[in-house]
Amino acid sequence: MRKISFDKYFLVFLMTFLIFIIGILLSQTITSKSSKEILKTQKEVKNYLLSLNLQFEIASEYICRVDVFDLTKEKVYLGRQIDVLEKNLGKENEIVKDLKQDYSLLSIRQWLLVKQFKEKCNENINIILFFYSNEINASESESQGYVLDYLYEKYPDGLVIYAFEIEENTPALNTIKAIYEIKKAPSLVVNERLFTGFQSKEKIEELLI
Amino acid sequence: MFDLNYFMDFTFDNILIYVTLFFSLFSTLFFILIFIENGKTAKKEKIKKYPRISVIIPAYNESKNIIKTIKSALNVDYPKNKIEVIVVDDHSEDDTFIQAKKMQGNSVKVFTKNHGGKARAVNFGIKESTGEIIMVLDADTFPDKKCLKNIAGEFENPKIMAALPAIKIWKPKNFIEKCQEMEYSIMALIKKVFFIMGSMNCAPAGAFIRKSFIEKYGDFATNTLTEDFEMGMRIQSKNFQIAQSLDSVVYTVVPDKIKKLIRQRVRWSYGSLENITKYKYMLSPNYGDLGLFFLPITLFGIGLVSFLFIYFIVKSTYNLIQTIHMNSLINFDILPLLDFDGKITLTNLITNERTFFILFASLTAIIIYELGRRSVKEKFRIEYIGYFLLYTWVISLSQIIALGHFLAKRKPRW
Numbered sequence: 333m334r335k336i337s338f339d340k341y342f343l344v345f346l347m348t349f350l351i352f353i354i355g356i357l358l359s360q361t362i363t364s365k366s367s368k369e370i371l372k373t374q375k376e377v378k379n380y381l382l383s384l385n386l387q388f389e390i391a392s393e394y395i396c397r398v399d400v401f402d403l404t405k406e407k408v409y410l411g412r413q414i415d416v417l418e419k420n421l422g423k424e425n426e427i428v429k430d431l432k433q434d435y436s437l438l439s440i441r442q443w444l445l446v447k448q449f450k451e452k453c454n455e456n457i458n459i460i461l462f463f464y465s466n467e468i469n470a471s472e473s474e475s476q477g478y479v480l481d482y483l484y485e486k487y488p489d490g491l492v493i494y495a496f497e498i499e500e501n502t503p504a505l506n507t508i509k510a511i512y513e514i515k516k517a518p519s520l521v522v523n524e525r526l527f528t529g530f531q532s533k534e535k536i537e538e539l540l541i
Numbered sequence: 026m027f028d029l030n031y032f033m034d035f036t037f038d039n040i041l042i043y044v045t046l047f048f049s050l051f052s053t054l055f056f057i058l059i060f061i062e063n064g065k066t067a068k069k070e071k072i073k074k075y076p077r078i079s080v081i082i083p084a085y086n087e088s089k090n091i092i093k094t095i096k097s098a099l100n101v102d103y104p105k106n107k108i109e110v111i112v113v114d115d116h117s118e119d120d121t122f123i124q125a126k127k128m129q130g131n132s133v134k135v136f137t138k139n140h141g142g143k144a145r146a147v148n149f150g151i152k153e154s155t156g157e158i159i160m161v162l163d164a165d166t167f168p169d170k171k172c173l174k175n176i177a178g179e180f181e182n183p184k185i186m187a188a189l190p191a192i193k194i195w196k197p198k199n200f201i202e203k204c205q206e207m208e209y210s211i212m213a214l215i216k217k218v219f220f221i222m223g224s225m226n227c228a229p230a231g232a233f234i235r236k237s238f239i240e241k242y243g244d245f246a247t248n249t250l251t252e253d254f255e256m257g258m259r260i261q262s263k264n265f266q267i268a269q270s271l272d273s274v275v276y277t278v279v280p281d282k283i284k285k286l287i288r289q290r291v292r293w294s295y296g297s298l299e300n301i302t303k304y305k306y307m308l309s310p311n312y313g314d315l316g317l318f319f320l321p322i323t324l325f326g327i328g329l330v331s332f333l334f335i336y337f338i339v340k341s342t343y344n345l346i347q348t349i350h351m352n353s354l355i356n357f358d359i360l361p362l363l364d365f366d367g368k369i370t371l372t373n374l375i376t377n378e379r380t381f382f383i384l385f386a387s388l389t390a391i392i393i394y395e396l397g398r399r400s401v402k403e404k405f406r407i408e409y410i411g412y413f414l415l416y417t418w419v420i421s422l423s424q425i426i427a428l429g430h431f432l433a434k435r436k437p438r439w
């Protein structure tokens with residue numbers, strides 16, 4: 333019978349296991365540090381939502397003095413921070429879910445403001461509502477998102493885009509979906525006109541003012 | 026605040042990464058620890074009597090190297106009456122035989138025979154030999170001056186049927202050769218650990234083999250691509266041992282082009298698979314650490330590497346197609362490339378525990394290289410980084426080709 337060094341395998345297995353645990357704990361410590369940042373982000377979004385509510389009140393009186401594109405830029409930045417958090421913490425994380433819902437409400441709020449701005453101040457602003465899904469027809473939604481991202485970069489002073497997850501179930505969003513008869517993703521509302529399915533860059537550009 | 030949910034992200038990618046990391050961490054730690062624990066203490070016995078050594082040089086179309094190889098075998102620091110050189114010309118198309126004949130003398134015998142491959146040539150030489158120990162020396166391989174003296178002591182132990190010198194690369198010039206130098210340094214450490222654990226199972230270029238073993242258990246196998254691996258497995262299957270010496274050195278010329286390298290490695294990997302299959306009964310606790318650990322990790326390693334390679338290729342091809350598709354939607358405008366903000370942040374990188382493991386695995390890889398390099402006294406090469414990023418892909422590719430050939434039951438071209 334030849335020698336089997338169970339003791340050595342066990343020892344090394346234990347060490348490897350230990351390193352794994354250390355790695356996980358370490359990364360969680362760093363995460364919990366960054367979770368302070370997360371809370372900060374969360375607070376920022378909440379504050380922003382509140383302040384935007386206020387702004388909305390003020391702005392409805394002095395609406396034509398508001399720089400809507402500045403507002404959108406801030407909102408887009410917050411959106412990206414939430415994306416980063418989602419990647420780190422996962423889709424199912426409560427903080428992420430909560431933030432995404434706040435963000436979506438914020439978008440609706442802002443959309444209303446911009447719409448009002450457009451009507452009252454006679455400004456040439458293109459407004460696109462984008463309904464996407466990560467579950468059904470996800471790749472089409474993804475392609476559409478990519479095109480819209482591009483257009484947003486290309487027309488920084490003439491286009492605002494609000495994206496909503498079609499599965500999201502808040503009363504405010506449900507109302508919008510009902511108004512525009514949104515049934516499936518991807519759907520676009522470009523300057524109040526509904527388009528269902530993927531729309532090419534050229535088609536959207538034609539619709540812009 | 027241990028958040029289990031955080032870790033429980035059981036996507037396929039994650040499982041694959043954890044299995045790979047655990048496996049590589051486990052095996053590298055194992056090799057490092059065993060080497061540090063025993064590398065120095067595993068001393069060979071003191072030599073009492075120098076055994077007679079027959080150096081067999083099988084040669085096919087080696088007219089350029091043959092004289093140099095014969096000279097290097099004669100110039101070693103070893104009692105002259107205890108050494109003989111036997112050149113077996115395998116019916117070369119060039120003038121190998123004529124060149125070798127020039128060196129014929131008291132301790133050099135030169136033969137030529139019908140072409141039949143390396144194993145047959147070696148077997149022919151063994152029949153003509155008079156030594157107790159056979160050294161198989163490829164025609165592009167040269168023993169160091171102290172090689173024979175340093176290794177002879179290993180045979181004082183009657184359980185040792187073969188002993189391997191450390192293999193070093195003869196004057197590496199280009200990147201591929203330098204990469205192989207690094208690889209051979211690491212291999213020296215790995216083989217030493219195989220030996221310490223009584224599991225060395227290969228008898229490659231420059232190996233010394235006890236002739237009595239060959240007489241009792243048969244010549245080199247002629248029906249395999251890697252007769253050296255077969256001999257190693259055979260020695261193990263009879264419960265004998267193969268020693269790895271690090272202070273005895275053989276220099277070898279290695280492939281200098283990727284294509285040649287891949288061809289060599291395909292042959293090696295195929296040979297490993299072929300011989301593990303032949304000796305599959307050894308995959309059992311009856312064969313101790315070899316059967317329970319070293320053979321299984323060899324197989325698991327080949328399987329895992331092949332799978333990862335294919336998986337990675339498929340995935341990156343998909344991503345590439347996806348990117349092209351996405352960019353075709355915007356007529357390949359470069360605008361998105363100019364937009365960097367917010368996509369990758371530092372915390373995003375660090376908080377991932379994978380990053381930690383990858384850093385740790387890289388650290389152990391560097392330690393392994395450093396230990397191996399020191400044990401065979403090679404100099405540190407900064408190309409190591411390139412070695413890791415590029416060279417490993419070439420080796421993985423060869424393993425896949427070999428595995429493909431093996432599963433299709435089709436021998437790769439020589």
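First to last, the sequence lines map onto chains A and B. Following the numbering used here, the numbering of the first sequence begins with 333 at its first residue and continues without gaps. Following the numbering used here, the numbering of the second sequence begins with 26 at its first residue and continues without gaps. Glycine is no exception: its CB is placed at the ideal position from the N, C-alpha and C atoms. Just so it is clear, the structure is predicted and the values come from calculations on it, not from any experiment.
Using a Cβ-Cβ cut-off of 8 Å, residue 358 of chain A counts as an interface residue toward chain B, since at least one Cβ of chain B sits closer than that to its own. Chain-order list of chain A residues neighbouring residue 314 of chain B: 334, 335, 336 and 337, by C-beta distance under 8 Å. Between residue 168 of chain B and residue 97 of chain B, the C-beta spacing is below 8 Å.
Each residue's CA atom was taken as its position, placing residue 242 of chain B and residue 387 of chain B some 43 Å apart. Assigned with DSSP and collapsed to three states, residue 476 of chain A falls in helix. For residue 466 of chain A, there are no CB contacts under 6 Å within the same chain when 5 residues up- and downstream are skipped.
Around the beta carbon of residue 137 of chain B, a 10 Å sphere encloses 16 or more other beta carbons of the protein chains shown; the residue is thus reported as buried.
Three or more beta-carbon pairs drawn from the stretch 274–290 of chain B and the stretch 191–209 of chain B are found closer than 8 Å, and the two stretches are therefore classed as touching. For residue 527 of chain A, there are no C-beta contacts with chain B under 8 Å, since the nearest C-beta of that chain is about 15 Å from it.
Residues are counted here when their Cβ sits less than 9 Å from a Cβ of chain A; for the stretch 223–247 of chain B these are 223, given in chain order.
Note on geometry: alpha-carbon atoms of residue 320 of chain B and residue 308 of chain B lie some 7 Å from one another.
For residue 42 of chain B, the secondary structure class from DSSP, reduced to helix, strand or coil, is helix. With a threshold of 16 other beta carbon atoms within 10 Å, residue 433 of chain B falls short and is exposed. Secondary structure within the stretch 481–534 of chain A: the alpha helix (DSSP H) runs of 4 or more consecutive residues, fully enclosed, are 503–512 (chain order). Under DSSP, residue 167 of chain B forms a beta bridge with B/276. For the stretch 401–412 of chain A, the set of positions with a beta-carbon nearer than 8 Å to some beta-carbon of chain B reads 409 and 412 in chain order. Between the stretch 246–257 of chain B and the stretch 140–151 of chain B, the count of C-beta pairs closer than 8 Å reaches three or more; the two stretches touch. At a C-beta separation below 8 Å, residue 533 of chain A has these neighbours in chain B: 354, 355 and 356. Interface with chain A (8 Å Cβ-Cβ cutoff): residue 50 of chain B is included.
Excluding sequence positions up to five before and after residue 52 of chain B, its CB lies within less than 7 Å of the CB of 322, all in the same chain and listed in chain order. By the rule that beta-carbons nearer than 8 Å mark a contact, residue 264 of chain B touches chain A. When the beta-carbon positions are compared, residue 528 of chain A and residue 509 of chain A stay at least 8 Å from each other.
Secondary-structure assignment with DSSP links residue 412 of chain B through no beta bridge to anything.
Rounded to the nearest angstrom, the Cβ distance from residue 408 of chain A to residue 446 of chain A is 13 Å, too far for a contact under 8 Å.
For residue 81 of chain B, the enclosing beta strand (DSSP E) covers residues 78–84. At least one beta carbon of chain A lies nearer than 8 Å to the beta carbon of residue 59 of chain B. With fewer than 16 other CB atoms across the displayed protein chains lying within 10 angstroms of its CB, residue 339 of chain B is exposed.
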